[in-house]
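Asker:
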Amino acid sequence: MEKFEIKSFQENGFLIVDSPIDCTILDKARESYNQLYLKAKEGKYPYIRVYDDYSNKPNLAGIEMVFHPEIIDQNIIDLLNQTKILDYAKSILGEDIKLTLSRYHLTENISHVGIWHRDTSVGQKLNSIQINFYLF
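All residue numbers for the sequence shown refer to the numbering used here, where the first residue is 1265 and numbers rise by one.
(1) Once DSSP output is grouped into helix, strand and coil, what is the label at residue 1275?
(2) Among the residues of its own chain, which have a CB less than 6 Å from the CB of residue 1347, if the five just before and after it don't count?
(3) Identify whether residue 1395 lies in helix, strand or coil by the three-state DSSP scheme.
(4) If we ignore side chains and look at the alpha-carbon of each, how far apart do residue 1302 and residue 1345 end up?
(5) With C-beta atoms as the reference, is residue 1324 less than 8 Å away from residue 1312?
(6) Could you give the first and the last residue of the continuous alpha helix (DSSP H) run that contains residue 1343?
(7) Below 7 Å CB to CB, which residues in the same chain sit around residue 1326 once its five sequence neighbours on both sides are set aside?
(8) Determine, using beta carbons only, whether residue 1356 and residue 1280 come nearer to each other than 8 Å.
(9) I think residue 1342 touches residue 1289, with their Cβ atoms under 8 Å apart; what is that distance to the nearest whole Å?
See the structure below:
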């Protein structure tokens, strides 16, 4: 990561990275995600998040633990490997990093409305970051 990007992150608390991605790899990852979505929607994967569940079917808002052995997918791993996500995380936090939360966020009939926020005050020692990657 360039020094100006780290400085921007430190000053603003966020960083937007536009990374070119091979369309074939992205298409394969999207298809894998769609298959995973159907599996979760059909109740074949139990780790989901539901918001505003007002109907007979769950209003699926998230699929949790996306690196769980039951749903890990090589196409999605290939996509993440093509990006520099881990390099950015290591540039900000150091080499000793770990993943503590992974989730596919999605919306269906009723969308959860929330605001983006920072979980710590600016200036405090940084020991975690949130990384978002958009498939669609």
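Note that beta-carbon positions come from the ideal geometry of N, C-alpha and C, so glycine has one too.
Answerer: According to the structure data:
(1) helix
(2) 1283
(3) coil
(4) 24 Å
(5) yes
(6) 1338-1346
(7) 1312, 1313, 1367, 1368, 1369 and 1370
(8) no
(9) 6 Å
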